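Chemist:
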Amino acid sequence: MAQPMILVRLASRHRSRGLRNFRGLLQMMTHSGTISREGQTTGRAFSTAAIGGGQQCYHKRDVDLTPKVDRHLLFDTHTLVTRLETNGFTPEQAECVTLCLIEIMNSTLEKNQKELVSKLQQEVMMQQLMAHMSSIRKDMVILEKSEFSMLRNENDKLKGQVEQLQKTLKDDISKLKSDIALDINLEKSRTKEKESDLEKRIALTNNKIETDVAGLRTLLESSKADIIKYLAGSMLTCIAIASAFLFRLMFMK
Numbered sequence: 160m161a162q163p164m165i166l167v168r169l170a171s172r173h174r175s176r177g178l179r180n181f182r183g184l185l186q187m188m189t190h191s192g193t194i195s196r197e198g199q200t201t202g203r204a205f206s207t208a209a210i211g212g213g214q215q216c217y218h219k220r221d222v223d224l225t226p227k228v229d230r231h232l233l234f235d236t237h238t239l240v241t242r243l244e245t246n247g248f249t250p251e252q253a254e255c256v257t258l259c260l261i262e263i264m265n266s267t268l269e270k271n272q273k274e275l276v277s278k279l280q281q282e283v284m285m286q287q288l289m290a291h292m293s294s295i296r297k298d299m300v301i302l303e304k305s306e307f308s309m310l311r312n313e314n315d316k317l318k319g320q321v322e323q324l325q326k327t328l329k330d331d332i333s334k335l336k337s338d339i340a341l342d343i344n345l346e347k348s349r350t351k352e353k354e355s356d357l358e359k360r361i362a363l364t365n366n367k368i369e370t371d372v373a374g375l376r377t378l379l380e381s382s383k384a385d386i387i388k389y390l391a392g393s394m395l396t397c398i399a400i401a402s403a404f405l406f407r408l409m410f411m412k
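Those letters in the sequence shown? Residues 160 to 412, by the numbering used here.
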C-alpha cells in the first residue's frame, strides 16, 4: 500500500507537467523512426566526408561529438497505463506515473549518453585517428627521404674524415717508429765505439802497469844485491876491527 501512495503523490505533483511531457513524448515516438533514419543518413554522409577530407586537413576539421537526442522507449507506455488503471489508478494518475518513469529513464539515458560514446562517434574518431596516422606516416616518409638522407651524407663525410685521420695517424706512427729505430741503432753503434775505445785504453794501461811492475821488480832485485853486498862488506869490516882490537888486547897483557 505504501508504494501506490508514493506514486499517487508523485502523480499529483507532476500532473500538469506530465500531461505536456506525455503529449511531447507521443509526438517524439511518432517521429522517432524518421529521426533515426535521418541520423543514420547524416552519420553516413558525415563519415564519408570525414574519410574524404581527413587525409588533407584533419587538424582543421571540427566534429560535433555531442550525443544526439534520439531516445527509444524501452517499454510500452500504453500497456503500463492500462495496467495501472486496472490496479486502481485513475487515467491521469497512471499517465503521471508513466511520465515520471519516462523522465527518470530519460535522465539516466542523458547521463549515460554524456559519459559514453555512440557507435557513430566512435567510427568518426577512428576515422580521424586513421587520417592522423596516415599523415604521420607521410611525414615520416618525407623525413626519411630528406633529413635521414642528409644525416646519412653527413655520416658518410664523417666516416671519410675518420678514415683519413686513421691513415695519417698510421703514417705518423710508422715514421716515429722508424726514427726511434734509427736513433736506437745510432746509440748502439756509439756505445759500441765507446766500449771499444775504453777497452783499448784499459789494455794500454794494463800494459803500462805490467811494464812498470816489471821495472820495479828488476830495481828491487838489483837493490837487494847491492844491499847484500854492502852488508857483507860492513860485516867483514866490523869483524876485522873486532879481531884487531882483541888481538891488541891480548898482546898488551
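Ideal placement from N, C-alpha and C gives every residue a C-beta, glycine not left out.
Being a predicted model, the structure only gives us computed values, none of them experimental.
Between the segment 283-291 and the segment 260-268, do three or more beta carbon pairs fall short of 8 Å?
Modeler: The answer is no - the segment 260-268 does not touch the segment 283-291, with fewer than three Cβ pairs under 8 Å.
Chemist: Rounded to whole angstroms, what is the Cα-Cα separation between S381 and L375?
Modeler: Sequence index remark: in the sequence shown, residue 381 carries index 222 (1-based). Sequence index remark: in the sequence shown, residue 375 carries index 216 (1-based). Roughly 10 Å separates the two Cα atoms.
Chemist: Could you check how far apart the C-beta atoms of L417 and V256 are, in whole angstroms? I think they sit under 8 Å.
Modeler: Coverage of the chain is limited to positions 160 through 412, which leaves residue 417 absent and any answer about it impossible.
Chemist: If we call anything under 8 Å between Cβ atoms a contact, is E251 one with V240?
Modeler: As a working mapping, residue 251 is identified with position 92 in the sequence shown. As a working mapping, residue 240 is identified with position 81 in the sequence shown. Contact flag unset, no.
Chemist: Between K270 and the rest of its own chain, which residues show a CB-CB distance below 8 Å, the 5 nearest in sequence each way excluded?
Modeler: As a position in the sequence shown, residue 270 is number 111, starting the count at 1. Here the set comprises nothing.
Chemist: Cα separation between T327 and S337?
Modeler: What you label residue 327 is simply residue 168 of the sequence shown in a count that begins at 1. What you label residue 337 is simply residue 178 of the sequence shown in a count that begins at 1. Distance between the alpha carbons of T327 and S337 is about 15 Å.
Chemist: Is it the case that the CB of E354 approaches a heavy atom of the ligand FAD more closely than 7 Å?
Modeler: What this structure holds is no ligand at all, so the ligand FAD is not there to describe.
Chemist: To the nearest angstrom, report how far apart S393 and T364 are at their CA atoms.
Modeler: As a position in the sequence shown, residue 393 is number 234, starting the count at 1. As a position in the sequence shown, residue 364 is number 205, starting the count at 1. One C-alpha to the other measures close to 42 Å.
Chemist: Under three-state DSSP, which class holds S277?
Modeler: One-based indexing of the sequence shown puts residue 277 at position 118. It is coil, neither helix nor strand.
Chemist: Give the straight-line distance between the Cα atoms of F404 and V372, rounded to the nearest whole angstrom.
Modeler: Taking the first residue of the sequence shown as 1, we reach residue 404 at position 245. Taking the first residue of the sequence shown as 1, we reach residue 372 at position 213. The straight-line gap from Cα to Cα measures roughly 47 Å.
Chemist: Are there 16 or more other CB atoms within 10 angstroms of the CB of F248, so buried, or fewer, so exposed?
Modeler: Looking up residue 248 in the sequence shown gives position 89. Classification of F248: buried, given that the 10 Å Cβ count is 16 or more.
Chemist: Using the Cβ count rule (16 or more neighbours within 10 Å means buried), how would you classify V321?
Modeler: For the purposes of this step, residue 321 is taken as the residue at position 162 of the sequence shown. So V321 ends up on the exposed side.
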